[in-house]
Amino acid sequence: MPAHRPSLVPAPTHLSVRPGRFTLGEDTTLRVSPGAEPAAALLRTLLAPPTGLALRPAADGPFVLALDPQLGGLGEEGYGLTVAPDAVLLRAAHLTGLLRGVQTVRQLLPVQALSGTAQPSVPWRMPCVEITDVPRHSWRGFMLDVARHFQPVPLLRRYVDLLALHKLNVLHLHLTDDQGWRMPVAAYPRLTEVGGRRAESVVGPPGSHRFDGIPHEGAYTQRELRDLVGYAAARGVTVVPEIEMPGHTRAALAAHPELGNVPGRRLDVWTRWGVCETVLGVHEPVLDFCRAVLDEVLDVFPSPHVHLGGDECPTTEWAASPAARARAAAEGLPDTAALHGW
Numbered sequence: 007m008p009a010h011r012p013s014l015v016p017a018p019t020h021l022s023v024r025p026g027r028f029t030l031g032e033d034t035t036l037r038v039s040p041g042a043e044p045a046a047a048l049l050r051t052l053l054a055p056p057t058g059l060a061l062r063p064a065a066d067g068p069f070v071l072a073l074d075p076q077l078g079g080l081g082e083e084g085y086g087l088t089v090a091p092d093a094v095l096l097r098a099a100h101l102t103g104l105l106r107g108v109q110t111v112r113q114l115l116p117v118q119a120l121s122g123t124a125q126p127s128v129p130w131r132m133p134c135v136e137i138t139d140v141p142r143h144s145w146r147g148f149m150l151d152v153a154r155h156f157q158p159v160p161l162l163r164r165y166v167d168l169l170a171l172h173k174l175n176v177l178h179l180h181l182t183d184d185q186g187w188r189m190p191v192a193a194y195p196r197l198t199e200v201g202g203r204r205a206e207s208v209v210g211p212p213g214s215h216r217f218d219g220i221p222h223e224g225a226y227t228q229r230e231l232r233d234l235v236g237y238a239a240a241r242g243v244t245v246v247p248e249i250e251m252p253g254h255t256r257a258a259l260a261a262h263p264e265l266g267n268v269p270g271r272r273l274d275v276w277t278r279w280g281v282c283e284t285v286l287g288v289h290e291p292v293l294d295f296c297r298a299v300l301d302e303v304l305d306v307f308p309s310p311h312v313h314l315g316g317d318e319c320p321t322t323e324w325a326a327s328p329a330a331r332a333r334a335a336a337e338g339l340p341d342t343a344a345l346h347g348w
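Structural data, given as C-alpha cells:
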C-alpha cells in the first residue's frame, strides 16, 4: 500500500513520502546551528501549548535546524526538510526559509498541533518525508482594512499567525481612509483623537440613506504597532502600512480642516462608503503634514515598502480652488487634474 500523502497548504514544490514516522517526545531535543535560533524559538513557541514539550537544545539532538549557505539556490524563503524515523533535518540558506519550514513541521503533525491549549494523549508523530519547497511568488499578501472597521491588536496577531501558517508573507495594513484614521502621529494628535471616531455608519446597499446610529472608533499606539511588527517578523511576515493620500483623507480633514481646499470648512469623519469628493489641498502646510506623517510611518514600520494609496482621487475640489490652480500653473502642469500625479 502506498504511503499516505500528507495534506500541506500550500503544496510544497517537491514532496516524497517514505515509510515510517518520527515521534516528538519528552526526550526530543533540538540541535540548532548558529543563526538558526529564532526558528528554534518559534518552533518551541508554537508547539509548547498543545504538546507541553520543552524541545531543549542539545549538541546531539535528533531534530536539527541548520542554516546552510549551500542551499542558496532555494532563495530567501526556500527550505529543505527531511523527516526520518530517528531524525529530522530542516535546512535553509536564510532564516526566513527555516521559519517557513517550521510551519510545515506543524502541518505534518496531528491537527491538534495547531491548538493554543494543551492537547493530552495525542501521539505527536510526523510521516517520514523529503521536502524541497520554494515559493512561486515573492509577494503573497493579505490586506486588512482597519480604517473603516477598527480591529483590536489580538485579532491582528491572530491574522499574522494564520498568514504565517499558510506561508503568506505580507500583512498589508490599511490604516487610514475617509471613515477613520488609526495611525498615531505625534505632531498631529487630533488625527486619532478626532479622525479615529465616526458618529455612525451607513447600512445597506450603495445609495442607502439608513444609518446604524452606532459610533465607531479606535486607534493604535505606536508601541502596539511596533510590537505587531516584531511579532510578525518573528513569523516571517512583513507588515506593510498604507496611508491614503491625497484622496480618501476625509478623516484627516475632519481633524485638520486647514489641510483642505476650502479654508475654514468644518467636516465630520465620513459615515458613508464609496468615494468621497473631499481631498487634501496642495499648499505648503499639506506637504509638511505628509512629510511628518511619513517620517513617523517609516520610523514605526521597517518594511521596504509603504503604500501611499493614490487611488480614487476626485479632482473637482482642485479645479475650484484658486490655490490649486496656482500650484498647477507654478509647477508647469496642464491642469489641476495633473496635481494627482504631482
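Note that the sequence shown ends on residue 348 in my numbering; no numbers are left out. Cβ coordinates follow ideal geometry from the N, Cα and C atoms, glycine included.
Collapsed DSSP secondary structure at residue i in the structure displayed
| i | result |
| --- | --- |
| Met7 | Confidence at Met7 is low in this model, with a pLDDT of 42, below 50, so its placement is unreliable and the value that follows should be read with caution. In the structure shown, Met7 sits in coil (DSSP, three-state: anything other than H, G, I, E or B). |
| Glu323 | helix |
| Thr244 | strand |
| Val209 | strand |
| Cys296 | helix |
| Leu21 | strand |
| Ala98 | strand |
| Gly186 | strand |
| Asp301 | helix |
| Gly78 | helix |
| Thr138 | strand |
| Ala54 | helix |
| Thr123 | coil |
| Thr342 | helix |
| Ala192 | coil |
| Arg62 | coil |
| Ala93 | strand |
| Pro16 | coil |
| Pro133 | strand |
| Glu264 | helix |
| Glu43 | helix |
With 16 other Cβ atoms within 10 Å as the buried cut-off, status of residue i
| i | result |
| --- | --- |
| Lys173 | buried |
| Pro63 | exposed |
| Trp145 | exposed |
| Arg272 | exposed |
| Gly242 | buried |
| Trp348 | exposed |
| Met7 | Note that Met7 scores 42 on pLDDT, short of 50, meaning its location in the model is unreliable; the coordinates nonetheless yield the value given after this. Per the 10 Å Cβ criterion, exposed. |
| Gly84 | buried |
| Gln76 | exposed |
| Ile249 | buried |
| Ser121 | exposed |
| Gly186 | buried |
| Asp341 | exposed |
| Thr19 | exposed |
| Ser327 | buried |
| Arg142 | exposed |
| Leu71 | buried |
| Val191 | buried |
| Asp184 | buried |
Which listed residue (the options) has its alpha carbon closest to that of residue i
| i | options | result |
| --- | --- | --- |
| Gly58 | Val15, Gly86, Glu136 and Ser127 | Ser127 |
| His311 | Asp151, Leu300 and Thr255 | Leu300 |
| Ala5 | Leu104, Thr321 and Ala326 | The first residue shown for the chain is 7 and the last is 348, placing residue 5 beyond what the model contains. |
| Ala193 | Pro252, Gly147 and His262 | His262 |
| Gly41 | Ala54, Arg229, Arg106 and Leu73 | Leu73 |
| Glu323 | Glu283, Ser22 and Val38 | Glu283 |
| Arg203 | Ala335, Pro269 and Val275 | Val275 |
| Thr244 | Glu302, Val176 and Gly253 | Val176 |
| Asp305 | Pro291, Arg232, Asp167 and Ala260 | Arg232 |
| Val117 | Glu82, Pro12 and Ala99 | Pro12 |
| Gly201 | Arg142, Pro18, Pro160 and Arg154 | Arg154 |
| Glu290 | His313, Ala332, Ala260 and Arg27 | Ala332 |
| Leu36 | Gly26, Pro25, Arg27 and Leu49 | Leu49 |
| Leu197 | Ala17, Phe295 and Tyr165 | Phe295 |
| Val108 | Gln125, Ile137 and Glu223 | Ile137 |
| Gln157 | Leu171, Leu179, Val140 and Asp167 | Leu179 |
First through last residue of the alpha helix (DSSP H) which encompasses residue i
| i | result |
| --- | --- |
| Leu105 | Leu101 to Leu114 |
| Tyr165 | Val159 to Leu171 |
| Glu230 | Gln228 to Ala239 |
| Leu177 | Element bounds for Leu177: not the alpha helix (DSSP H) but the beta strand (DSSP E), Val176 to His180. |
| Ala261 | Arg256 to Ala261 |
| Pro328 | Pro328 to Ala336 |
For residue i, the first and last residue of its enclosing beta strand (DSSP E)
| i | result |
| --- | --- |
| Gly147 | Gly147 to Asp151 |
| Thr364 | Given that the chain is displayed from residue 7 to residue 348, the structure contains no residue 364 and the question cannot be resolved. |
| Ala72 | Phe69 to Leu73 |
| Leu197 | Leu197 -> not in any beta strand (DSSP E); alpha helix (DSSP H) instead, spanning Arg196 to Glu199. |
| Arg37 | Leu36 to Val38 |
| Leu314 | His313 to Gly315 |
beta-carbon residue i near the ligand ATP non-hydrogen atom, thresh 7 Å
| i | result |
| --- | --- |
| Val191 | Only the bare structure without any ligand can be found here, which leaves the ligand ATP out of the picture. |
Those runs of the beta strand (DSSP E) which lie wholly inside the segment 268-296 and span at least 3 residues: Here no run is fully enclosed.
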